[in-house]
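So the sequences go chain by chain: A and B. Counted from 1, the first sequence has number 25 at position 25 by my numbering; the numbering is strictly sequential. Just add 1000 to wherever you are in the second sequence, counting from 1, and you've got my numbering.
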Amino acid sequence: MKSLEELLAIKAKMQDKVAVRTSSGDIRVVVGMATCGIAAGARPVLNAFVEAVSKEELGDRVTVTQTGCIGICQYEPVVEVYEKDKEKVTYVNMTAERVKDVVEKHIKGGKPVTEYTIGAAKL
Amino acid sequence: MDELSLYVLDITMNSVRAGADTIHVTLTEDDETLCLNVRDNGCGMSREQLQRLRDPFFTTRKTRKVGLGIPFLSMLAEMTGGSVHVSSVPQSESEQHGTDVVATFGKTHIDCIPLGDMVSTFTTLIQGSPDIHFIFTHKTLRGTVALDTDELHSILGDLSLAEPEILQWIDGHLREQYEAIK
């Protein structure tokens, strides 16, 4: 069994990290998780972001949150990336595979993946 | 939606949006039936809302004009010979407010879809609302999988359950429990 000792070790490690955090992160990734999003595949998209943040140790800079329906259901799964002092980027028709690109190029590299944005989607 | 676990996620999101601070998600299985119960202490629904619950063109949200959560769940349950029952007490009527959804599915029915990844559903719920007290219980004939987020809070103190490292521990913890009753 995943032991409670293991959880306590994570706690000790996390407490140090959280203590030195200066802000709640400069980048906020928001995944739409209403019926439209869930039906279109938002759950694996959200999980892919959470996994990537954990694996790449981006927790200091990036927070992943959920939201409801933002009204563009036909483009779900929709992911919005908010970055301080920058314009919001809205990604549409997201998949776990696309998340890898977004993490690599946008979150880590600072350059939005234009081809996945709502601007590039056929309206 | 091709997994029952996605319906569980969707229907539990209603409890989250109803402002509940405690949500019980209970699955009970035997060889023939799967029973899902989602019980919350959220704002509840008025009689009129309750009456129109199965109407896809009724929703309280402002971003779109359709609400498919309960219609989807009802359709799936009824297709397998099961049913959905919803009872609710609105905040305006009682201190003991909240909503109780019971859905039953015929597991052996040809139209019943697989349960799918319940662990992802649980971790997604915790990730989205780390401060809600979730009590997850999945009872099968081979054993029970259970998680009470209050127990995690008592160990972790102020740390958020939404921290990716902690979520991964929860994910692994649940998967090991499922492995044990496979």
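All C-beta atoms in this analysis are idealised placements derived from N, C-alpha and C, irrespective of residue type, glycine included.
By the three-class DSSP mapping on this structure, what secondary structure does residue i have?
{"i": "B:G1081", "result": "coil"}
{"i": "A:A9", "result": "helix"}
{"i": "A:V50", "result": "helix"}
{"i": "B:V1008", "result": "helix"}
{"i": "A:R43", "result": "helix"}
{"i": "B:D1040", "result": "strand"}
{"i": "B:I1181", "result": "coil"}
{"i": "A:V18", "result": "helix"}
{"i": "A:V113", "result": "coil"}
{"i": "B:G1019", "result": "coil"}
{"i": "A:I118", "result": "coil"}
Got a sec: is the Cβ-Cβ distance from residue i to anything in chain B below 7 Å?
{"i": "A:I38", "result": "yes"}
{"i": "A:R43", "result": "yes"}
{"i": "A:K111", "result": "no"}
{"i": "A:V29", "result": "no"}
{"i": "A:G71", "result": "yes"}
With a threshold of 7 Å between beta-carbons, can residue i be considered close to chain A, or not?
{"i": "B:I1023", "result": "no"}
{"i": "B:D1030", "result": "no"}
{"i": "B:D1148", "result": "no"}
{"i": "B:L1004", "result": "no"}
{"i": "B:E1179", "result": "no"}
{"i": "B:E1176", "result": "yes"}
Would you mind telling me which residues of chain A sit closer than 9 Å to residue i, beta carbon to beta carbon, in chain order?
{"i": "B:Q1127", "result": "L46, N47, V50, V64, T65, Q66"}
{"i": "B:R1017", "result": "A34, G68"}
{"i": "B:L1009", "result": "M33, I38, R43"}
Against residue i, what residues of chain B qualify as contacts under a CB-to-CB distance less than 9 Å, listed in chain order?
{"i": "A:V18", "result": "D1158, L1159, S1160, E1163"}
{"i": "A:K11", "result": "I1155, L1156, G1157, L1159, I1166"}
Name the chain A residues whose beta carbon is nearer than 7 Å to that of residue i?
{"i": "B:H1173", "result": "K2"}
So which residues of chain B does residue i contact, with C-beta pairs closer than 7 Å?
{"i": "A:E6", "result": "W1169"}
Any heavy atom of the ligand MN closer than 6 Å to the Cβ of residue i?
{"i": "B:K1182", "result": "For the ligand MN, the structure offers nothing, since it holds no ligand at all."}
For a contact meaning CB atoms closer than 8 Å, what does residue i contact in chain B?
{"i": "A:G59", "result": "E1163, P1164, E1165"}
{"i": "A:Q74", "result": "Those within 8 Å of A:Q74 in chain B number zero; the least Cβ separation is about 10 Å."}
Item checked: Unbroken stretches of the alpha helix (DSSP H), 4 residues or longer, contained in the stretch 1043-1121 of chain B -> Every alpha helix (DSSP H) stretch that sits fully inside the stretch 1043-1121 of chain B and reaches 4 residues is listed by chain position as 1047-1051, 1069-1079.
Check: In the stretch 1060-1093 of chain B, which residues sit with their C-beta less than 8 Å from some C-beta in chain A, listed in chain order?
Finding: Near chain A, meaning a CB-to-CB distance below 8 Å, the residues of the stretch 1060-1093 of chain B are R1061, T1063, R1064, G1067, L1068, G1069, F1072.
Next item on the list: For the stretch 1107-1131 of chain B, enumerate the residues whose C-beta is nearer than 7 Å to any C-beta of chain A, in chain order.
Entry: Contact annotation: in the stretch 1107-1131 of chain B, residues whose CB is within less than 7 Å of a CB in chain A are S1120, T1124, Q1127, G1128.
Check: Going along the chain, which residues of the stretch 1037-1059 of chain B sit with their C-beta nearer than 7 Å to a C-beta in chain A?
Finding: Hits within the stretch: zero.
Check: What are the complete beta strand (DSSP E) segments, minimum 3 residues, inside the stretch 59-105 of chain A?
Finding: Within the stretch 59-105 of chain A, the runs of beta strand (DSSP E) at least 3 residues long that lie entirely inside it are, in chain order, 62-67, 79-83, 89-91.
Note to self: Taking beta-carbon pairs under 7 Å, can you tell me which members of the stretch 79-106 of chain A lie near chain B?
What the structure shows: Correct list: empty, as no residue qualifies.
Next item on the list: May I have a chain-ordered list of the beta strand (DSSP E) segments no shorter than 3 residues that lie completely inside the stretch 1130-1179 of chain B?
Entry: If one requires a minimum length of 3 residues, the beta strand (DSSP E) runs lying completely within the stretch 1130-1179 of chain B are 1133-1140, 1143-1148, in chain order.
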